[in-house]
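**Student:** Mind having a look at this structure? Questions to follow.
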Amino acid sequence: MNAEKYDILVVGGGHAGIEAAMAGARMGLRVGLISMDTHTIGRLSCNPSIGGSAKGHLAKEIDALGGVMGRIADASGIQFKMLNTSKGPAVWSPRSQNDKDLYPIVAQNLLMSTPNLEIVSETVVEVLVRGSKVYGVKTASNEEIQGKAVILCSGTFLNAVMWTGTDCTRGGRVGEPPAERISDLLSSLGLEKGRLKTGTPPRIDRRSIDVRRFEPHNGDENPTPFSIHTHSVRNQLSCFATNTTSATHEILQSGFSRSPMFTGLITGAGPRYCPSIEDKIFRFADKDSHTIVLEPEGLSSNTLYVNGFSTSLPKDVQDAGIRTIPGLEESTILRYGYAVEYDFFYPFQLTFGLQSKALDGLFFAGQVNGTSGYEEAGAQGLIAGINAALYVRNEGTFTLQRSEAYIGVMIDDLVNKNTEEPYRIFTSLAEYRLLLRIDTVYDRLLPYGTRLGLVPNHIRERYELMSERTQALLTATRSSKVVPGDVNPVLSSKGESAISEPTTAINVLRRPKLSVADVLAFVDGVPVDAYREHSDVLHRVDTTIKYEGYIEKQQRDVERFAEQEQLLIPTSFTYDNVRSLSTEGREKLKRIRPGSLGQASRIPGVSASDVSILSLYLR
57 MNAEKYDILV VGGGHAGIEA AMAGARMGLR VGLISMDTHT IGRLSCNPSI GGSAKGHLAK
117 EIDALGGVMG RIADASGIQF KMLNTSKGPA VWSPRSQNDK DLYPIVAQNL LMSTPNLEIV
177 SETVVEVLVR GSKVYGVKTA SNEEIQGKAV ILCSGTFLNA VMWTGTDCTR GGRVGEPPAE
237 RISDLLSSLG LEKGRLKTGT PPRIDRRSID VRRFEPHNGD ENPTPFSIHT HSVRNQLSCF
297 ATNTTSATHE ILQSGFSRSP MFTGLITGAG PRYCPSIEDK IFRFADKDSH TIVLEPEGLS
357 SNTLYVNGFS TSLPKDVQDA GIRTIPGLEE STILRYGYAV EYDFFYPFQL TFGLQSKALD
417 GLFFAGQVNG TSGYEEAGAQ GLIAGINAAL YVRNEGTFTL QRSEAYIGVM IDDLVNKNTE
477 EPYRIFTSLA EYRLLLRIDT VYDRLLPYGT RLGLVPNHIR ERYELMSERT QALLTATRSS
537 KVVPGDVNPV LSSKGESAIS EPTTAINVLR RPKLSVADVL AFVDGVPVDA YREHSDVLHR
597 VDTTIKYEGY IEKQQRDVER FAEQEQLLIP TSFTYDNVRS LSTEGREKLK RIRPGSLGQA
657 SRIPGVSASD VSILSLYLR
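Numbering follows this note's numbering, in which position 137 of the sequence shown is assigned residue number 193; successive positions increment by one, without gaps.
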């Protein structure tokens with residue numbers, strides 16, 4: 057039976073599904089968001105936080121493109137902090153601790169109030185395919201729901217099992233069943249799948265510990281929101297730090313013989329950069345302690361998330377081990393840690409718009425692509441939602457370059473590289489990270505969001521005003537002269553050498569210890585009080601001035617990068633005709649089928665000589 061027809065069907069209500077559904081609906085398409093349980097849409101199944109190192113960049117980029125993760129995080133945040141401020145501005149990254157109960161409520165309300173979007177409470181068991189094109193899905197109740205495009209955002213649920221010790225339960229999250237049949241069906245149609253795992257730590261009862269014994273981790277004194285839509289946020293709770301001990305490690309090691317990781321029960325690869333506590337103990341045997349951070353899960357919850365203690369060890373080992381941690385001797389575990397093992401599809405089978413190369417109209421986003429993290433999932437969901445809408449309207453594909461966004465870096469990495477472990481974003485992965493700072497995010501991406509119809513006019517106008525202020529202040533620092541009598545007392549107070557003759561303000565501001573706020577009163581034509589209220593503008597001007605030379609160099613690198621991207625490779629290109637290619641290079645090129653010489657150069661296994669040979673052949 058044919059119950060409904062939609063333009064876009066989104067399967068899964070996690071962070072990828074939310075962004076995909078919102079984007080498609082706000083671009084004017086009729087969207088059906090299908091979830092096994094509508095009450096779990098937007099659930100923070102692991103750490104109740106958004107952002108962090110590099111992940112905060114993704115959250116900001118989602119906001120600049122018109123996505124909703126930043127707005128939901130701001131509305132449900134209980135602590136806000138800017139990370140890495142002791143380092144250069146390229147790696148500054150926002151993070152929020154969020155109320156695990158409030159976040160999904162905000163997300164669900166946002167979805168339900170969005171025109172063109174319907175939430176369907178069903179379990180999808182099959183993606184319907186005719187020839188090489190999808191046309192809908194079939195549900196567990198044997199109902200067919202038709203859609204011109206389908207976005208698969210199934211997270212950790214495909215053929216998923218959960219492990220605590222040798223105890224195995226079917227499901228992708230506690231209390232929620234797995235999604236079965238879908239991955240096997242797609243595999244039978246020629247899509248290549250793999251197996252990954254992720255883990256969660258135990259949760260403990262705050263009332264069973266004395267938080268005064270711990271080192272507090274507080275939020276920023278003047279917290280800043282994620283979203284340009286949000287005017288202000290505030291900190292309400294603290295986190296607390298402690299450490300494991302050698303006694304902890306000994307007890308946990310005693311359970312290795314019953315660990316599903318070490319006994320081979322789990323075959324999927326886990327995240328190398330977010331390992332379980334048993335993996336940390338095994339890999340870093342010379343370390344006698346590891347940092348543990350106790351993070352509150354909400355304002356009305358007594359649950360603490362034990363960050364740094366992700367585990368799938370047996371319950372009795374978790375109990376004994378956690379009570380050897382200073383301050384947790386009397387702690388009560390409310391939920392034990394567990395590992396989830398699930399199917400994913402190798403993302404080299406996707407275009408940069410996250411559409412399947414094999415099946416027209418089928419898009420993939422989130423952990424089903426082998427990524428880890430809410431932010432990575434949300435960013436993919438947004439791109440998939442945009443491109444599904446463009447696909448339905450026959451308007452091409454929207455992509456972002458590595459030089460434009462961390463989103464571009466992530467998708468480029470996913471398509472070009474083998475995903476042998478869960479992928480997470482890092483600032484070190486972005487070769488143009490000085491251009492991809494969080495303070496440039498709206499310059500880079502808001503015009504795209506506006507053009508796509510995802511950013512409302514009042515937000516565009518607010519951005520334009522901020523941009524005008526930034527440019528006006530930059531221009532003023534280049535033209536205004538400062539004199540020794542005015543500026544030398546400021547220089548002396550900052551430990552900088554005095555000037556002997558008048559010079560432009562920008563020359564003084566190139567000194568590392570001086571900020572534009574220090575000399576604002578001496579810059580002609582600048583309304584001092586107005587600018588002091590806009591710390592984001594001041595920070596942007598400071599960074600632009602101090603890193604001007606490096607920024608110009610990276611922009612030249614981007615121009616060279618663009619030249620290679622413009623040398624396109626036809627989709628029908630036959631690599632076997634290029635006999636001088638290395639065997640490995642030829643196989644990788646045939647497998648991924650890059651669209652440009654630039655993409656080919658970023659595929660592992662394709663050597664520099666392969667790229668040179670291919671370039672000559674193409675020319």
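Quick reminder that beta carbons are idealized off the backbone N, C-alpha and C, glycines included.
Nothing here was measured: the structure is a model prediction, and the numbers come from that model.
DSSP state of residue 225, grouped into three classes?
**Tutor:** strand
**Student:** Select from 194, 490, 82 the residue whose C-alpha is nearest the C-alpha of residue 613.
**Tutor:** The shortest C-alpha separation from residue 613 is found at 490.
**Student:** Using 8 Å as the Cβ pair cut-off and three pairs as the minimum, do the region 140 to 157 and the region 176 to 190 touch?
**Tutor:** no
**Student:** Output the boundary residues of the alpha helix (DSSP H) element that contains residue 238.
**Tutor:** 238 to 244
**Student:** Assuming residue 584 is part of the alpha helix (DSSP H), what are its boundary residues?
**Tutor:** 584 to 588
**Student:** Identify whether residue 346 lies in helix, strand or coil by the three-state DSSP scheme.
**Tutor:** coil
**Student:** Nearest chain C C-beta to residue 549 closer than 7 Å, yes or no?
**Tutor:** The structure shown contains no chain C; it is built from a single protein chain.
**Student:** Buried or exposed: residue 336, going by 16 or more other Cβ atoms within 10 Å of its Cβ?
**Tutor:** It counts as buried.
**Student:** Span of the beta strand (DSSP E) holding residue 218?
**Tutor:** For residue 218, the enclosing beta strand (DSSP E) stretches over residues 217 to 220.
**Student:** Excluding sequence positions up to five away, which residues of its chain have a Cβ less than 6 Å from the Cβ of residue 458?
**Tutor:** Within the same chain, residue 458 has close Cβ partners 464, 465, 468.
**Student:** Go ahead and pull the three-state DSSP assignment for residue 100.
**Tutor:** Residue state, collapsed to three classes: coil.
**Student:** Which of helix, strand or coil does DSSP assign to residue 662?
**Tutor:** coil
**Student:** I'd like the ranges of any beta strand (DSSP E) spanning at least 3 consecutive residues and lying wholly in the region 143 to 215.
**Tutor:** 149 to 154, 173 to 177, 180 to 186, 189 to 195, 200 to 208
**Student:** Where residue 267 and residue 443 are concerned, what is the direct C-alpha to C-alpha distance, given to the nearest angstrom?
**Tutor:** 48 Å
**Student:** Please say whether residue 620 and residue 653 have beta carbons closer to each other than 7 Å?
**Tutor:** For the 7 Å CB-CB criterion, residue 653 and residue 620 form a contact.
**Student:** I'd like to confirm the pairing. Which residues does DSSP put opposite residue 250 in its beta bridges?
**Tutor:** 400
**Student:** What residue range is occupied by the uninterrupted alpha helix (DSSP H) comprising residue 632?
**Tutor:** Segment: none, residue 632 is in no alpha helix (DSSP H) and carries neither H nor E.
**Student:** Can you tell me whether DSSP reads residue 318 as helix, strand or coil?
**Tutor:** Coil, per DSSP.
**Student:** So who's on the other strand from residue 592, going by DSSP bridges?
**Tutor:** According to DSSP, which records beta bridges pairwise, residue 592 is partnered with nothing at all.
**Student:** Rounded to a whole number of angstroms, what is the C-alpha to C-alpha distance between residue 649 and residue 641?
**Tutor:** 11 Å
**Student:** Could you give the first and the last residue of the continuous alpha helix (DSSP H) run that contains residue 504?
**Tutor:** 497 to 507
**Student:** Mind pulling the beta strand (DSSP E) runs of 3 or more residues that sit fully within the region 411 to 435?
**Tutor:** 418 to 420
**Student:** Nearest to residue 178 by alpha carbon, out of 550, 600, 362, 93?
**Tutor:** 93
**Student:** Using the Cβ count rule (16 or more neighbours within 10 Å means buried), how would you classify residue 557?
**Tutor:** exposed
**Student:** Can you round the beta-carbon distance between residue 90 and residue 67 to whole angstroms, since I take them to be within the 8 Å contact cut?
**Tutor:** 5 Å
**Student:** Restricting to Cα atoms, I'd like to know which of 549, 592, 577 is closest to residue 526.
**Tutor:** 592
**Student:** Count the other CB atoms within 10 Å of the CB of residue 146; is the residue buried (16 or more) or exposed (fewer)?
**Tutor:** buried
**Student:** Answer yes or no: do residue 304 and residue 380 have a C-beta to C-beta separation smaller than 7 Å?
**Tutor:** yes
**Student:** Can you tell me whether residue 57 is buried or exposed, with buried defined as 16 or more other CB within 10 angstroms of its CB?
**Tutor:** Annotation note: pLDDT 36 at residue 57 (below 50); position unreliable, coordinate value reported separately. Its Cβ having fewer than 16 others within 10 Å, residue 57 is exposed.
**Student:** Decide yes or no for the touch test of the region 105 to 117 against the region 430 to 441: beta carbon pairs closer than 8 Å, at least 3 of them.
**Tutor:** yes
**Student:** Do three or more CB pairs link the region 386 to 394 to the region 255 to 275 at distances below 8 Å?
**Tutor:** Yes, the region 386 to 394 is in contact with the region 255 to 275.
**Student:** Within the same chain, show all residues whose beta-carbon is closer than 6 Å to that of residue 99, passing over the 5 residues directly before and after it, in chain order.
**Tutor:** 160
**Student:** Tell me where the alpha helix (DSSP H) around residue 617 begins and ends.
**Tutor:** Taken as a continuous stretch (DSSP letters only), the alpha helix (DSSP H) holding residue 617 covers 604 to 622.
**Student:** Assuming the contact rule is C-beta atoms closer than 8 Å, residue 350 and residue 296 should be a hit. Round their C-beta distance to whole Å, please.
**Tutor:** 4 Å
**Student:** Under three-state DSSP, which class holds residue 66?
**Tutor:** Note: residue 66 maps to strand in three-state DSSP.
**Student:** Do residue 314 and residue 221 have their C-beta atoms closer together than 7 Å?
**Tutor:** yes
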